[in-house]
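Participant: One structure follows; several queries about it will come next.
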Amino acid sequence: MSDPLFDPHDRQAMLLALQQALSVKGQTGDNPAVGAVIYKKDTIISTGRTHLPGQDHAEADALKKAGSRAKGASLAVTLEPCCHIGRTPPCTDAILKAGIKKVISAVKDPNPKVAGKGFALLKKKGVLVKQGLFEQEAAAINEDFFTFIQTGRPFVTLKAAMTLNGLIAADSGDSKWISCEESRQLVHALRSVHDAVLIGLNTALCDNPLLTVRTVKGRNPIRIILSDGKDLPRSSELAKSAKEVRTMLMTPKRIAHPTIPFVEYVSLNHRSQRMPVSAMLTALGKLGIKSLLVEGGRSVLTDFIDQKGVDRFCFFMAPKLLMSGLPLLSGKKTGSIKEAIALKEMTVRKIGNDLLIKARRA
Numbered sequence: 064m065s066d067p068l069f070d071p072h073d074r075q076a077m078l079l080a081l082q083q084a085l086s087v088k089g090q091t092g093d094n095p096a097v098g099a100v101i102y103k104k105d106t107i108i109s110t111g112r113t114h115l116p117g118q119d120h121a122e123a124d125a126l127k128k129a130g131s132r133a134k135g136a137s138l139a140v141t142l143e144p145c146c147h148i149g150r151t152p153p154c155t156d157a158i159l160k161a162g163i164k165k166v167i168s169a170v171k172d173p174n175p176k177v178a179g180k181g182f183a184l185l186k187k188k189g190v191l192v193k194q195g196l197f198e199q200e201a202a203a204i205n206e207d208f209f210t211f212i213q214t215g216r217p218f219v220t221l222k223a224a225m226t227l228n229g230l231i232a233a234d235s236g237d238s239k240w241i242s243c244e245e246s247r248q249l250v251h252a253l254r255s256v257h258d259a260v261l262i263g264l265n266t267a268l269c270d271n272p273l274l275t276v277r278t279v280k281g282r283n284p285i286r287i288i289l290s291d292g293k294d295l296p297r298s299s300e301l302a303k304s305a306k307e308v309r310t311m312l313m314t315p316k317r318i319a320h321p322t323i324p325f326v327e328y329v330s331l332n333h334r335s336q337r338m339p340v341s342a343m344l345t346a347l348g349k350l351g352i353k354s355l356l357v358e359g360g361r362s363v364l365t366d367f368i369d370q371k372g373v374d375r376f377c378f379f380m381a382p383k384l385l386m387s388g389l390p391l392l393s394g395k396k397t398g399s400i401k402e403a404i405a406l407k408e409m410t411v412r413k414i415g416n417d418l419l420i421k422a423r424r425a
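Here's what the structure looks like:
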């Protein structure tokens, strides 16, 4: 049943605004990815999208393109317009100056500087404001931004490729390649929309990965390697490319004599060699990292799952069976199925020959 608050033109415009937001995901720096559409009934006047910090927000982008045609028109925007002076002027000022008569917004901005104040200001000035159209879809686009604003830590996606019987590598540690080429390409796309990617030092030594974005267009994430105190080998791909791609080595205690040029050494000053996930996420949040893709290996995956450090799971399941090998998780034994970690909001999608299963912790 359709919502009587919104007419078909509102829906058409908001769907287009959502597409605009998705098109710039991972390309807006520390700004949320927002889309905006200016329209009159069934006529689309202009579209806008968020740019890098200090440049136009989606509303300002759309208004500049519309010019005088914005007067008396409606605006659909995926996030509440800002009303404070930051690196750019308030979007509410631009909306009022342009003569927009109606604003349809998908979701309220959780940023305390906004948080409903943008809606209130527009209403006070006589603009018709309606909120909540495609709210869940809009919130999903910026779930990393929302999590960071509300908790101060990054939104965490855990990614793993496994056989149909749940093994992530052969007994030798070999895992190239469990997943198909299409799945591996999607992993590059996942990296491009996360601020950082994280692995353990053992994975860095065994697989010698680059952890960059290569098969799709997009930015490289910050590369984070967890270590109990050992340094990266100078011969590793991560060390050799640290000048071009920002790279961090995170350790429980400060390394006395760091040796790799351009690698940032981050110490948690923690007594134990096994760093708590919560401490890692707090430290990364303080560095401004809003989203984190955890890629392994097994001990890292286990710690993040066991310590409830995962917001979203992405499991690539290949149509392969291994008679023996390394399971996804290691650690404490369980005595009852009641101890199972329940998941929710599960979706299944076919990627090449693989299945991509997405879920959240229940």
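Counting along the sequence shown from 1, when you hit position 261 you're at 324 in the numbering used here, and nothing is skipped either side. Where is the CB? At the ideal position from N, CA and C, for every residue including glycine. For clarity, every value in this text was computed on a predicted model and none was experimentally measured.
In chain order, what residues of the same chain lie with their CB nearer than 8 Å to the CB of Phe325, ignoring the 5 residues before and after it?
Facilitator: Taking the sequence shown and counting its residues from 1, the one referred to as residue 325 is at position 262. Once the five neighbours on either side are set aside, the close Cβ partners of Phe325 are Ala305, Lys306, Thr310.
Participant: Considering only the beta carbon of each residue, do Ser362 and Ser393 sit closer than 9 Å?
Facilitator: Here the question's residue 362 lines up with position 299 in the sequence shown. Here the question's residue 393 lines up with position 330 in the sequence shown. Yes, they are a contact pair.
Participant: Going by DSSP, name the residue or residues bridged to Phe218.
Facilitator: Here residue 218 refers to the residue found at position 155 of the sequence shown. Its beta-bridge partners are Ser354.
Participant: Are there any heavy atoms of the ligand ADP lying less than 8 Å away from the beta-carbon of Gly351, as far as the coordinates show?
Facilitator: Judged by which ligands are present, the structure shown has none, so any question about the ligand ADP falls away.
Participant: Could you check which residue in Gln118, Val170, Leu184 has the C-alpha nearest to that of His147?
Facilitator: Residue 147 sits at position 84 when you count from the first residue of the sequence shown. The residue with the shortest Cα to Cα distance from His147 is Leu184.
Participant: Could you name the residues that DSSP lists as bridge partners for Ala136?
Facilitator: Counted from its first residue, the sequence shown places residue 136 at position 73. Bridge partners of Ala136: none, in fact.
Participant: Please report how far the alpha carbon of Val100 lies from the alpha carbon of Leu391, in whole angstroms.
Facilitator: Position 37 of the sequence shown, counting from 1, holds the residue named residue 100. Position 328 of the sequence shown, counting from 1, holds the residue named residue 391. Their backbone Cα atoms lie some 44 Å apart in a straight line.
Participant: If Lys88 and Ile212 are in contact, beta carbons under 8 Å, what's the gap, nearest whole angstrom?
Facilitator: As a first step, residue 88 must be located in the sequence shown, where it is residue number 25. As a first step, residue 212 must be located in the sequence shown, where it is residue number 149. Wrong, their Cβ atoms sit about 17 Å apart, outside the cutoff.
Participant: Can you name the residues that DSSP bridges to Met386?
Facilitator: As a first step, residue 386 is located in the sequence shown; it is residue number 323 there, counting from the start. DSSP output for Met386 lists no bridge partner at all.
Participant: Can you tell me where the beta strand (DSSP E) holding Thr226 begins and where it ends?
Facilitator: Indexing the sequence shown from 1 puts residue 226 at position 163. That residue, Thr226, is in no beta strand (DSSP E); it is neither H nor E in DSSP.
Participant: Over the uninterrupted beta strand (DSSP E) stretch that includes Lys165, give me the two end residues.
Facilitator: Working through the sequence shown from its first residue, we reach residue 165 at position 102. 165-168 is the span of the beta strand (DSSP E), which, as asked, contains Lys165.
Participant: Sort Gly179, Ala319, Asp124 by Cα distance to Gly111 and report the nearest one.
Facilitator: Locating residue 111 in the sequence shown gives position 48, where the first residue counts as 1. When each option's Cα is compared against that of Gly111, the closest is Asp124.
Participant: Considering only residues of the same chain and omitting the five flanking positions on each side of Leu419, which have a CB-CB separation below 6 Å?
Facilitator: Counting from 1 along the sequence shown, the entry for residue 419 is found at position 356. Taken in chain order, the residues that qualify are Phe379, Arg412.
Participant: Grab me the residues of Thr91's own chain with a C-beta within less than 6 Å of its C-beta, minus the 5 sequence neighbours each way, in chain order.
Facilitator: The count along the sequence shown starts at 1 and reaches residue 91 at position 28. Counting only Cβ-Cβ distances below 6 Å, and skipping sequence neighbours, we find Thr113.
Participant: Under 9 Å between the Cβ atoms of Ser299 and Leu268?
Facilitator: As a position in the sequence shown, residue 299 is number 236, starting the count at 1. As a position in the sequence shown, residue 268 is number 205, starting the count at 1. Cβ distance < 9 Å, so Ser299 and Leu268 count as in contact.
Participant: Identify whether Thr365 lies in helix, strand or coil by the three-state DSSP scheme.
Facilitator: As a first step, residue 365 is located in the sequence shown; it is residue number 302 there, counting from the start. In this structure, Thr365 counts as helix in the three-state DSSP scheme.
Participant: Can the beta-carbon of Asp417 be found closer than 9 Å to that of Ser238?
Facilitator: Translated into positions along the sequence shown, residue 417 becomes position 354. Translated into positions along the sequence shown, residue 238 becomes position 175. No, Cβ-Cβ distance for Asp417 and Ser238 is not below 9 Å.
Participant: Alpha carbons only, please: which of Ile400, Val250, Arg74 is nearest the one belonging to Phe197?
Facilitator: The residue labelled residue 197 in the question sits at position 134 within the sequence shown. Checked all of Ile400, Val250, Arg74; the closest Cα to Phe197 is Arg74.
Participant: The beta strand (DSSP E) spanning Asp70 covers which residue range?
Facilitator: Within the sequence shown, the letter at position 7 stands for residue 70. From DSSP, Asp70 is part of no beta strand (DSSP E); its letter is neither H nor E.
Participant: What whole-angstrom Cβ distance do Ala381 and Lys407 have, given they're in contact under 8 Å?
Facilitator: The count along the sequence shown starts at 1 and reaches residue 381 at position 318. The count along the sequence shown starts at 1 and reaches residue 407 at position 344. At roughly 24 Å, the Cβ-Cβ gap does not stay under 8 Å, so Ala381 and Lys407 are not in contact.
Participant: So, helix, strand or coil for Cys154, using DSSP?
Facilitator: The residue labelled residue 154 in the question sits at position 91 within the sequence shown. If DSSP states are grouped into helix, strand and coil, Cys154 belongs with the helices.
Participant: Let me see if you follow: with CB-CB separation under 9 Å, is Ala422 close to chain C or not?
Facilitator: Among the chains in the structure shown there is no chain C, since it carries only a single protein chain.
Participant: Go ahead and pull the three-state DSSP assignment for Lys396.
Facilitator: By 1-based counting over the sequence shown, the position of residue 396 is 333. The answer is coil: DSSP assigns Lys396 none of H, G, I, E or B.
Participant: How would you label Val279, buried or exposed, when you count the other beta carbons within 10 angstroms and need 16 or more for buried?
Facilitator: Residue numbering aside, residue 279 sits at position 216 when the sequence shown is read from its first letter. Exposed, by the Cβ-count rule.
Participant: Using the C-alpha atoms, what's the distance from Pro284 back to Ala252?
Facilitator: Here residue 252 corresponds to residue number 189 of the sequence shown, with the count starting at 1. Here residue 284 corresponds to residue number 221 of the sequence shown, with the count starting at 1. Cα-Cα distance, rounded: 11 Å.
Participant: Measure the Cβ-Cβ separation of Val166 and Ile158 and say whether it is below 9 Å.
Facilitator: Along the sequence shown, read from residue 1 onward, the residue named residue 166 stands at position 103. Along the sequence shown, read from residue 1 onward, the residue named residue 158 stands at position 95. Cβ atoms of Val166 and Ile158: closer than 9 Å.
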